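Before any comments, here is the structure.
Numbering (our numbering), first residue to last: 1 to 296.
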């Protein structure tokens, strides 16, 4: 199990590099929170990004899609993912494999971002994702150019000029081959207004609301399940070892073992581990829980 308190996590130090990269330069602040490559080759990274609050450069991304899955939760402000489509504070969106979104202009808000996939669906996953991005970027700069969130080079197989999404090019470079982004099963990102879902009682001190299950992989346990647990009093909720899980608390009072944690505490519970969550305060505490897919 890994636990990170967002308020205690350092801001990623990035060199002052104004050269074009996979995404246009912005004043976005990044905090790397969690990451892993599991024994089943499920790879993920969990980060917090915050846009400049003082009129700095907004993050601008072209319309694009990916071969991996994403979940975005807005901490405050609003997070844009397409013209006229913002994830409001407290809301959450699921981004399916292959589904297009954008162009984006992110200039007002903070989000938690979970990206994941098996094997080369998400080749840069793990705690060392930043190093993988950096090294792939340097290699790509020797062979082509980044421009406005895209990468332009010469296809070695055809000799023709090609244009790819900048992040797609990074993943291809790290994997050492052209990766195939599958056609979307879900047409577009699915946004959830989380406060409009109702809780139901599970046992004394434990309430649950299920936000959705999403089937971008095939298999009886291959879905992504997203829910919110509300704990109070002596209630306890177990993250079981059947699946890898990522969770984060909204308010203060999440208790794990003998410690009570502040707001925005994030945790990763890998497969084969069980973690008991409780309430250590006088008020109920809400915890978002993502059950990651498994293929076996």
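A virtual CB, placed ideally from N, CA and C, is assigned to each residue, including glycine. Just so you know, these numbers come straight off a predicted model, no measurement behind them.
Annotation for residue 121: 67 and 68 place their beta carbon closer than 6 angstroms to its own, counting only its chain and skipping 5 residues before and after. Exclusion of the five residues before and after residue 22 leaves 166, 167 and 170 as the residues of its chain whose Cβ lies within less than 6 angstroms of its Cβ.
Under DSSP, residue 213 shares a beta bridge with 225. Within the same chain, 26, 51, 105, 106 and 107 come within 7 angstroms of residue 58 by CB-CB distance, once the 5 residues on both sides are set aside. Just so you know, the alpha carbons of residue 133 and residue 24 end up roughly 14 angstroms apart. Assigned with DSSP and collapsed to three states, residue 147 falls in strand.
Take the alpha-carbon of residue 225 and the one of residue 203: they are about 20 angstroms apart. A direct Cα-to-Cα measurement between residue 215 and residue 191 gives close to 16 angstroms.
By the beta-carbon neighbour count (other beta carbons within 10 angstroms, threshold 16), residue 240 is exposed. Between residue 91 and residue 194, the C-beta spacing is below 8 angstroms. Relative to residue 109, the option among 94, 74 and 8 whose CA is nearest is 74.
Taking 8 angstroms as the cut-off, the beta carbon of residue 290 is found closer than this to the beta carbon of residue 246.
In the displayed model, residue 196 falls within a helix according to three-state DSSP. If you ignore the 5 residues before and after residue 140, its C-beta comes within less than 8 angstroms of the C-beta of 146, 151, 153, 169, 170 and 173, all in its own chain and listed in chain order. Excluding five sequence positions before and after residue 64, the CB atoms of its chain that fall closer than 6 angstroms to its own CB belong to 102 and 165, given in chain order.
For residue 40, there is no enclosing alpha helix (DSSP H), as DSSP gives it neither H nor E.
Less than 8 angstroms divides the Cβ of residue 285 from the Cβ of residue 251. In this model, residue 257 and residue 280 are separated by some 10 angstroms (Cα to Cα). The criterion of a C-beta distance shorter than 8 angstroms is satisfied by residue 97 and residue 184.
Sorting 231, 227 and 60 by C-alpha distance to the C-alpha of residue 94 places 227 at the top. Excluding five sequence positions before and after residue 2, the CB atoms of its chain that fall closer than 6 angstroms to its own CB belong to 34 and 268, given in chain order. Nearest to residue 244 by alpha-carbon distance, out of 39, 234, 81 and 200, is 39. Cα atoms of residue 293 and residue 248: separation of roughly 18 angstroms, rounded to the nearest angstrom.
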